[in-house]
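Engineer: Attaching a single structure in structure tokens format; questions to follow.
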Amino acid sequence: MLAAALFASPASAGLNLFQSFVGNYGLSTDGAGTLTGPDYQVNAFVPLGATVTAAYLYQATYNFTTPTKQAVSLNGNALAFGPNVANGTGCCGISSARADVTSIVAGVVNGGAGGTYSFDVSEGNTLETDGVALVVVYSLASLPTSTVAILDGWASVTGDTASINFSEPLDPTAPGFTADVRLGIGFSCCGQQSEVNVNGTTITSVAGNYDDAIGPCCNGALITVGGDDDPFSSFNPTYDTDHERYNLTDYINPGDLAITIRTSNASQDDNIFLLAGIFSGEATVVTPGVPEPATWAMMIGGFALAGAAMRRRKTAISFA
């Protein structure tokens with residue numbers, strides 16, 4: 001079941017809820033970028049028998065004068081990107097844009113052998129395109145009931161806070177409990193880093209860098225995306241071992257009623273343009289209100305976390 005399809009306004013501040021899916025769904029994310037040539041590959045990780053429900057390709061760009069989206073193709077198909085979304089608080093014209101690539105990805109994956117599927121990317125302006133992020137949502141009857149949420153736009157570099165409130169106490173020790181979050185960050189390099197704080201604990205001070213660049217580091221290849229082929233980042237990792245993929249269950253105590261997430265970017269020149277996550281159980285996604293300048297504008301209502309007895313618990317999530 002597709003729970004909601006919410007489109008972010010290019011004028012809105014923060015990361016906005018774009019889409020959510022509830023049911024027997026899985027999530028695949030990957031990123032890549034290069035300066036060594038216009039062509040490279042990005043991957044989707046989909047198990048045998050799964051069917052692609054939705055797929056989106058993001059481009060991360062910069063332009064020191066005017067934020068501009070660039071021409072990008074996938075498997076030889078020129079893509080129609082939506083509005084360019086500039087970070088309203090960062091420097092350097094950092095921005096992103098999103099294209100629906102469901103038909104392209106489904107045409108390769110559906111009926112395939114399962115595993116890793118590679119897609120050819122070609123950039124029209126490789127100097128100002130730091131790279132891409134591929135997000136794929138797939139369905140498979142044998143998967144447990146989960147909620148997949150995709151948020152995009154931009155997080156304020158000066159600090160954004162999200163408070164996730166649950167109507168019933170959480171139990172991260174329950175079998176199958178999942179709270180897996182991945183970030184997509186553009187124009188990050190060379191010691192530039194973001195802090196991520198969960199429930200009052202700083203889990204990393206070094207999110208960022210160009211982990212998914214192919215070839216040398218330089219403007220035009222500054223991209224990192226938490227992906228399926230990345231391990232979860234450890235508690236307070238080093239700059240090189242922060243993979244922008246986080247298991248939030250490590251920072252949830254039994255009985256907690258909320259998860260509060262705060263990010264900030266001291267160098268004020270990194271663009272957190274994507275947050276994708278998969279959570280145990282069902283959720284009903286509601287439309288967020290008009291976001292404030294320093295707020296991640298996202299709202300997820302009715303989280304249901306599966307317990308040992310598989311009892312569904314309704315929850316409500318709101319973001320300040």
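Residue numbering for the sequence shown follows full-length UniProt numbering, beginning at 1 and increasing consecutively.
All C-beta atoms in this analysis are idealised placements derived from N, C-alpha and C, irrespective of residue type, glycine included.
Note that this is a predicted model, so its numbers are computed, not measured.
Return the first residue and the last residue of the alpha helix (DSSP H) that T102 is part of.
Structural biologist: Sequence index remark: in the sequence shown, residue 102 carries index 102 (1-based). Start and end: T102 to V109.
Engineer: Starting from the C-beta of P254, find all residues in its chain whose C-beta is less than 8 Å away, skip the five residues before and the five after it, and write them out in chain order.
Structural biologist: Locating residue 254 in the sequence shown gives position 254, where the first residue counts as 1. The residues are P169, L170, D171, P172 and T173.
Engineer: Opposite S233 in the DSSP bridges: which residues?
Structural biologist: By 1-based counting over the sequence shown, the position of residue 233 is 233. Looking at the DSSP assignment, S233 forms no beta bridge with any residue, so it has no partner.
Engineer: Starting from L257 and walking both ways along the beta strand (DSSP E), at which residues does that stretch end?
Structural biologist: Start at 1 with the first residue of the sequence shown, and residue 257 comes out as number 257. Looking at the DSSP string, L257 is not in any beta strand (DSSP E), and its letter there is neither H nor E.
Engineer: CB-CB under 6 Å to G208, same chain, minus the five flanking residues each way: which ones, in chain order?
Structural biologist: The residue labelled residue 208 in the question sits at position 208 within the sequence shown. Contacts found: I185, S188, Q192, Q193, S194 and D270.
Engineer: Could you check which residue in S96, A141 and D180 has the C-alpha nearest to that of F279?
Structural biologist: Residue numbering aside, residue 279 sits at position 279 when the sequence shown is read from its first letter. Of the candidates S96, A141 and D180, the one whose C-alpha sits nearest the C-alpha of F279 is D180.
Engineer: Suppose you measure from the CA of V196 to the CA of A276; what does that come to, to the nearest Å?
Structural biologist: As a position in the sequence shown, residue 196 is number 196, starting the count at 1. As a position in the sequence shown, residue 276 is number 276, starting the count at 1. Going by the C-alpha atoms only, they are around 15 Å apart.
Engineer: First and last residue of the beta strand (DSSP E) that includes E123?
Structural biologist: The residue labelled residue 123 in the question sits at position 123 within the sequence shown. That run of the beta strand (DSSP E) goes G115 to E123.
Engineer: With a threshold of 8 Å, are at least 3 pairs of Cβ atoms found where one atom belongs to the stretch 102-111 and the other to the stretch 46-63?
Structural biologist: The stretch 102-111, when compared against the stretch 46-63, does touch it at the 8 Å Cβ threshold.
Engineer: Short of 7 Å in beta carbon distance, which residues of its chain neighbour P231, apart from the five on each side in sequence? Order them along the chain.
Structural biologist: Numbered from 1 along the sequence shown, position 231 holds the residue referred to as residue 231. Same-chain partners within the cutoff: H243.
Engineer: Whose C-alpha, out of V85, E123 and N77, is nearest the C-alpha of V101?
Structural biologist: Position 101 of the sequence shown, counted from the start, is the residue given in the question as residue 101. Nearest option by C-alpha distance: N77.
Engineer: In chain order, what residues of the same chain have a beta carbon less than 6 Å from the beta carbon of Y40, not counting five sequence neighbours either side?
Structural biologist: Mapped onto the sequence shown, residue 40 falls at position 40. Excluding residues within five positions, the ones whose Cβ falls inside 6 Å are A32, T34, V121 and I214.
Engineer: Between the Cα of Y56 and the Cα atoms of S95, L15, T89 and I150, which residue gives the shortest distance?
Structural biologist: Position 56 of the sequence shown holds residue 56. Measuring from the Cα of Y56, the nearest candidate turns out to be I150.
Engineer: Would you give the residue range spanned by the beta strand (DSSP E) that N247 belongs to?
Structural biologist: Position 247 of the sequence shown, counted from the start, is the residue given in the question as residue 247. From DSSP, the beta strand (DSSP E) with N247 extends over R245 to N247.
Engineer: Could you give the residue range of the beta strand (DSSP E) that holds residue 326?
Structural biologist: The structure shown does not extend to residue 326, since the chain is modelled only from 1 to 320, so the question has no answer here.
Engineer: Do you know how far the Cα of L183 is from the Cα of T263?
Structural biologist: The residue given as residue 263 occupies position 263 in the sequence shown. The residue given as residue 183 occupies position 183 in the sequence shown. The straight-line gap from Cα to Cα measures roughly 11 Å.
Engineer: According to DSSP, what are the bridge partners of N271?
Structural biologist: Taking the first residue of the sequence shown as 1, we reach residue 271 at position 271. N271 pairs with G186.
Engineer: Output needed for V157: all residues of its chain with C-beta closer than 6 Å, excluding positions within five of it in sequence on either side, in chain order.
Structural biologist: The count along the sequence shown starts at 1 and reaches residue 157 at position 157. Taken in chain order, the residues that qualify are T89, G90, N265 and Q268.
Engineer: Check for me: the beta strand (DSSP E) holding F64 runs from which residue to which?
Structural biologist: Locating residue 64 in the sequence shown gives position 64, counting from the first residue. Unbroken run through F64: none, as it is neither H nor E.
Engineer: Near N24, which residues of its chain fall below 8 Å by C-beta distance, leaving aside the five closest residues on each side in sequence?
Structural biologist: By 1-based counting over the sequence shown, the position of residue 24 is 24. Within the same chain, N24 has close Cβ partners S139, L140, A141, S142, L143, P144, T145 and S146.
Engineer: So, is S96 buried or exposed, given that buried needs 16 or more other C-beta atoms within 10 angstroms?
Structural biologist: Looking up residue 96 in the sequence shown gives position 96. Buried, by the Cβ-count rule.
Engineer: In angstroms with no decimal places, state the Cα-to-Cα distance between R312 and A71.
Structural biologist: On the sequence shown, position 312 is the one that residue 312 refers to. On the sequence shown, position 71 is the one that residue 71 refers to. Residue placement at R312 cannot be trusted, given a pLDDT of 34 that sits under 50; what the coordinates show is reported in the next sentence. About 45 Å.
Engineer: Going by CA-CA distance only, name the one from T29, L248, A54 and P216 that's closest to V22.
Structural biologist: Numbered from its first residue, the sequence shown carries residue 22 at position 22. Considering only alpha carbons, the answer is A54.
Engineer: Exposed or buried, what is N236 when buried is set at 16 or more other beta-carbons lying within 10 Å of its beta-carbon?
Structural biologist: Taking the sequence shown and counting its residues from 1, the one referred to as residue 236 is at position 236. By the 10 Å Cβ count, N236 comes out exposed.
Engineer: Who are the Cβ neighbours of G289 in its own chain at under 7 Å, not counting the five residues just before and after it?
Structural biologist: Counting from 1 along the sequence shown, the entry for residue 289 is found at position 289. Low confidence applies to G289: its pLDDT is 38, below 50, so where it sits in the model is not reliable enough to give any reading.
Engineer: Just curious, the beta strand (DSSP E) that Y251 is in, first and last residue?
Structural biologist: Your numbering for residue 251 matches position 251 in the sequence shown. That residue, Y251, is in no beta strand (DSSP E); it is neither H nor E in DSSP.
Engineer: Please go through the same chain and pick out, in chain order, the residues whose beta-carbon is closer than 6 Å to the beta-carbon of Y246, but skip the five residues on each side of it.
Structural biologist: Translated into the one-based positions of the sequence shown, residue 246 becomes position 246. Only V181 and S233 meet the Cβ criterion.
Engineer: So is L257 buried or exposed if we call it buried at 16+ other beta carbons inside 10 Å?
Structural biologist: By 1-based counting over the sequence shown, the position of residue 257 is 257. With fewer than 16 other Cβ atoms within 10 Å, it is exposed.
Engineer: Which stretch, first to last residue, makes up the beta strand (DSSP E) that contains G33?
Structural biologist: Position 33 of the sequence shown, counting from 1, holds the residue named residue 33. Residues Y25 to T34.
Engineer: Classify V42 as helix, strand or coil using the three-state DSSP reduction.
Structural biologist: Counted from its first residue, the sequence shown places residue 42 at position 42. If DSSP states are grouped into helix, strand and coil, V42 belongs with the strands.
Engineer: Give me, in chain order, the residues of the same chain whose beta-carbon lies closer than 7 Å to that of A80; leave out the 5 immediate sequence neighbours on both sides.
Structural biologist: Looking up residue 80 in the sequence shown gives position 80. Result list for A80: A99, in chain order.
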